[in-house]
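Q:
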Amino acid sequence: MDLSDLHIFRTVARTGGIIRAAEHLHRVPSNITTRIKTLEADLGAELFLREGRRLRLSAAGKILLDYADRLLSLADEARASVQDGPPHGMLRLGSMESTAAARLPGPLSRFHQACPEVTLELHTGDPRLLVERVLTAELDAALVAEPVADPRLATLTAFEEELIVVAMAGHPPMTSARDAAMKTLLAFHQGCPHRKRLESWFAGSGIVPDRVVELGSYHAILGCTIAGMGVALMPRSVLNTYTERARLSVHELSARLRKSRTLLVWRKDTPQANVMAFADILRGKKT
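Number 123 in full-length UniProt numbering belongs to position 123 of the sequence shown; there are no gaps in the numbering.
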């Protein structure tokens, strides 16, 4: 089996189709189709079930995908192990939106200065999906909120966050969720750890929110909070970057809920010079 064929196979499996895989790999669809057929012929097994234009993994394909992840990760590890010199190539980094907005500008600037030969790709999203993408080697590392318990991952504490509840300006002090004038939560998707923390705060007071309004960015959440649509929870570092923060009231959480760590995670079995160099930047070391 050719490693490039395995890479193409894995990309088709992840994207769900030939055309999307071709766009991702910058190849023509006919080339992708030919390489998949060649791999199937070599293995003597059908790897995909064809459903119109969409491809779904067969039983054999699911088995091969696990091996492909491991083989490609081992190849990356071998390549990194025999390469000398300073970090270079690509660093594919995932991050929660709050971390990317409030915490990363400084470290990324220092990383670019220390490692000018490294091209960095930054992907933001749901922490759960970011961890999955690290495990499948689609990302080299990611910055996600604790907890992270997968034994395949190495972790480094990157940032300590103080979480706060925000409401419209003039809102009376809130010592618990019972004091919230609006029982509507303004938050990200269900996988967001800060949303879970806010829901726990309400549950601890025996309060069931009237509803949850899901929004796609902190600026949208803060704008709706100013308008009095509900309450939100976020790192204080995010609020500190917001130019309209005077139009908001800030309410502190209990010690149990206030603190949160953001972790840098990467696969233990695929140590990479680029990831280690970025970890050193987060530790405050010179690379």
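Note that beta-carbon positions come from the ideal geometry of N, C-alpha and C, so glycine has one too.
1. Nearest to Leu64 by alpha carbon, out of Glu46, Leu122, Ala75?
2. How do the stretch 94-106 and the stretch 234-251 stand: do at least 3 beta-carbon pairs fall below 8 Å, yes or no?
3. Can Leu55 and Asp5 be called in contact, C-beta distance under 8 Å?
4. Leaving out five residues on either side along the sequence, give the residues of the same chain with a beta carbon under 6 Å from the beta carbon of Thr119.
5. Are there 16 or more other CB atoms within 10 angstroms of the CB of Glu161, so buried, or fewer, so exposed?
6. Could you give the distance in angstroms between the alpha-carbon of Val148 and the alpha-carbon of Ala255?
7. Judging by CA-CA distance, which residue of Tyr67, His189, Val144, Asp69 is the nearest neighbour of His123?
8. If you check the beta carbons only, do Ser249 and Ala169 fall under 8 Å apart?
9. Please return the same chain residues whose Cβ sits closer than 8 Å to the Cβ of Val134, not counting the five positions on each side in sequence.
10. Does the beta-carbon distance from Ala187 to His171 come in below 8 Å?
11. At what residues does the beta strand (DSSP E) containing Ser260 begin and finish?
12. Can you give me the C-alpha to C-alpha distance between Thr287 and His88, rounded to a whole angstrom?
13. Sorted by chain position, which residues of the same chain lie with C-beta nearer than 7 Å to His29's C-beta, five sequence neighbours on each side aside?
14. Can you find the residues in the same chain that come closer than 7 Å, C-beta to C-beta, to Ala279, ignoring five residues on each side of it along the sequence?
15. Can you tell me the Cβ-Cβ gap for Val166 and Ala232, rounded? I've got them flagged as a contact below 8 Å.
16. What does the Cβ neighbour count give for Gln272, buried or exposed, with the cut at 16 atoms within 10 Å?
17. In chain order, which beta strand (DSSP E) runs of at least 3 residues are fully inside the UniProt domain "HTH lysR-type" (1-58)?
18. By DSSP, does Ala114 sit in helix, in strand, or in coil?
19. Classify Phe159 as helix, strand or coil using the three-state DSSP reduction.
20. Beta-carbon separation of Pro151 and Cys115 under 8 Å?
21. Rounded to whole angstroms, what is the Cα-Cα separation between Arg92 and Leu282?
22. In whole angstroms, what is the alpha-carbon distance linking Arg53 and Ser260?
23. Give me the Cα-Cα distance between Pro127 and Ser98, rounded to the nearest whole angstrom.
A: Concretely, from the data shown:
1. Glu46
2. yes
3. Not a contact, by the Cβ cut-off of 8 Å.
4. Cβ neighbours of Thr119 within its own chain (closer than 6 Å, five residues either side excluded): Met90.
5. Buried is the call here.
6. 21 Å
7. Val144
8. yes
9. Gly94, Asp140, Ala141, Ala142, Leu153, Val265, Trp266, Arg267
10. no
11. 259-267
12. In this prediction, Thr287 scores a pLDDT of 46, lower than 50, which makes its location untrustworthy; no coordinate-derived value is stated.
13. It should be pointed out that residue 29 corresponds to Pro in this sequence rather than to His. Once the five neighbours on either side are set aside, the close Cβ partners of Pro29 are Ile18, Ile19, Ala22.
14. Leu156, Leu264
15. 5 Å
16. buried
17. Runs found: 48-51, 54-57.
18. helix
19. strand
20. no
21. 16 Å
22. 44 Å
23. 11 Å
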